[in-house]
Amino acid sequence: MSSRWKDFGDIAVRRMSGTKAGENLLILSDTKTDPEVAQACFDAGIAAGARPSLLLIPFMSPTDASELDETTIAAIAGANVVIGVCETMFMSKASTDKALEAGVRIAATNVNGMEDFAIEGIRDVDYDRMIEVGTCIGKLWQGTEICRVTSPYGTNITFALRDRPIDLGTGMATEPGQADFFPGVSVANAPVESTIQGTIVVDGNIPPGRLPKAPVTLQIKDGVIVNFEGGEDADALRSYFAESGDPIATHLCHFTLGLNPRARTSGSVHQDEHVLGAVTFGFGSQAPAFGGTVPSCNVHCDVVLTTAKIECDGRIMLEDNKLNEEMGFGGLS
5 MSSRWKDFGD IAVRRMSGTK AGENLLILSD TKTDPEVAQA CFDAGIAAGA
55 RPSLLLIPFM SPTDASELDE TTIAAIAGAN VVIGVCETMF MSKASTDKAL
105 EAGVRIAATN VNGMEDFAIE GIRDVDYDRM IEVGTCIGKL WQGTEICRVT
155 SPYGTNITFA LRDRPIDLGT GMATEPGQAD FFPGVSVANA PVESTIQGTI
205 VVDGNIPPGR LPKAPVTLQI KDGVIVNFEG GEDADALRSY FAESGDPIAT
255 HLCHFTLGLN PRARTSGSVH QDEHVLGAVT FGFGSQAPAF GGTVPSCNVH
305 CDVVLTTAKI ECDGRIMLED NKLNEEMGFG GLS
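Encoded structure:
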């Protein structure tokens with residue numbers, strides 16, 4: 005096995021999933037997974053004293069709404085811990101939800117297209133400090149009446165954050181029923197929908213997971229996209245929403261800030277969203293934990309700003325991908 009993935013496997017098993025001796029550990033891979041990645045996790049499971057199994061399944065397209073096969077469903081349900089290293093979006097399946105409800109915990113990633121970040125983003129960072137900073141930002145946001153986000157490309161949008169729950173995306177799943185994607189860390193919440201007004205100019209990742217040729221401008225009124233501007237990428241994004249057939253798809257449902265100093269803008273959705281200082285706006289389906297009011301929707305997508313300035317009640321907490329150290333957000337370089 006290549007030593008390139010050994011550290012990744014060790015950290016995925018011991019830290020990201022908190023696998024303990026004697027636990028049933030399932031490594032879930034698919035036909036697009038690099039076998040060395042899955043093998044590294046399997047070997048780390050043995051070294052940790054767990055009882056690992058390695059399962060290879062056929063790749064399922066993100067648009068494939070069918071369930072996992074019965075063998076895979078049973079394997080997930082029978083594990084204490086699942087480490088997913090596949091492109092297949094198994095976390096979106098009803099059978100996986102049922103397993104989580106029964107206490108299975110899942111730490112997942114797809115290293116394809118972000119191989120360096122998959123390793124460096126969990127090995128070469130102060131992970132504890134990322135979590136501490138994310139927690140501090142969450143506390144600030146919960147007390148923020150007016151948040152303003154601007155960018156050099158023309159973003160200028162405001163919204164209220166006060167008292168909305170915070171989602172700290174640590175990337176770790178160490179307790180029964182937990183599930184997350186690694187590497188982390190990010191901090192997110194749902195702005196108060198009726199207060200969301202302004203313009204978002206997207207220069208980073210857009211659906212279905214690529215960088216735009218030119219920035220795309222979204223006009224937002226009362227938390228809903230009312231206009232798209234920006235040439236062929238804007239037309240493609242407009243069509244993406246329209247093809248869903250669900251008008252709720254254009255409702256802004258979360259606001260997220262990336263905190264990992266090892267992430268770089270690459271075209272990989274997960275990595276792009278975790279760049280230190282990158283801002284993500286989500287649209288469509290809203291997780292109940294956000295405590296928002298966006299109606300049920302069968303679609304969710306994210307758009308990313310590579311850089312932005314964030315002001316909370318007039319105080320600058322982020323500018324040029326640098327957090328305000330005077331507010332207690334230092335230590336992530």
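Its first residue numbered 5, the sequence shown is counted upward by one per residue in this note's numbering. Yeah, the Cβ is synthetic: ideal placement off N, Cα and C, and Gly gets one too.
The shortest CA-to-CA distance from residue 265 to any of 56, 66, 154, 124 is the one to 124. Here residue 273 carries a helix assignment [DSSP, helix/strand/coil]. Listed as beta-bridge partners of residue 255 by DSSP are 228. The beta carbon of residue 73 is closer than 8 Å to those of 61 in its chain, skipping five residues each way along the sequence.
Using a C-beta cut-off of 8 Å, the segment 101-111 makes no contact with the segment 154-173, since fewer than three inter-stretch Cβ pairs fall below that distance. By the neighbour-count criterion, in which 16 or more other beta carbons inside 10 Å mark a residue as buried, residue 181 falls on the exposed side. Scanning the segment 160-213 for uninterrupted beta strand (DSSP E) segments of 3 residues or longer gives 160-163, 171-173, 183-185, 190-193, 201-206, listed from N- to C-terminal end. Around residue 129, the same chain offers 264, 265, 266 as residues with beta carbons nearer than 7 Å, after the five sequence neighbours per side are excluded. Residue environment for residue 329: exposed (fewer than 16 other C-beta atoms within 10 angstroms of its C-beta).
Under the three-pair Cβ rule at 8 Å, the segment 129-141 does not count as touching the segment 197-212.
With a minimum length of 3 residues, the unbroken runs of beta strand (DSSP E) contained wholly in the segment 42-109 fall at 55-61, 85-89. Ranked by Cα distance from residue 278, the options 307, 154, 299, 89 are led by 307.
In the displayed model, residue 112 falls within a strand according to three-state DSSP. Per DSSP, reduced to three states, the secondary structure at residue 315 is strand.
Rounded to the nearest angstrom, the Cβ distance from residue 89 to residue 31 is 7 Å, consistent with a contact under 8 Å. If you compare the alpha carbons of 67, 24, 145, 105 with that of residue 319, the shortest gap goes to 145. For residue 152, the enclosing beta strand (DSSP E) begins and ends at 151-154. As the crow flies, the alpha-carbon of residue 229 is around 6 Å from that of residue 222.
Residue 52 and residue 44 have their C-alpha atoms spaced approximately 12 Å apart.
Spatial neighbours of residue 300 in its own chain (CB-CB distance under 8 Å, excluding positions within 5 residues in sequence) are listed in chain order as 252, 289.
For residue 142, the enclosing alpha helix (DSSP H) covers residues 131-146. The three-state reading of DSSP puts residue 321 in strand, counting E and B together. According to DSSP, residue 305 shares a beta bridge with 287. In this structure, the CA atom of residue 91 is about 15 Å from the CA atom of residue 71. Residue 241: member of the alpha helix (DSSP H) spanning 236-247, first to last residue.
The continuous stretches of alpha helix (DSSP H) do not include residue 250, and DSSP gives it neither H nor E. With fewer than three CB-CB distances shorter than 8 Å, the segment 11-28 does not count as touching the segment 97-104. Counting C-beta pairs closer than 8 Å gives fewer than three between the segment 147-160 and the segment 208-215, which falls short of the contact rule. One alpha carbon belongs to residue 199, the other to residue 261, and they sit about 19 Å apart. Collapsing the DSSP output to three states places residue 220 in a strand.
Cα atoms of residue 41 and residue 49: separation of roughly 13 Å, rounded to the nearest angstrom.
Here residue 34 is bridged, per DSSP, to 61.
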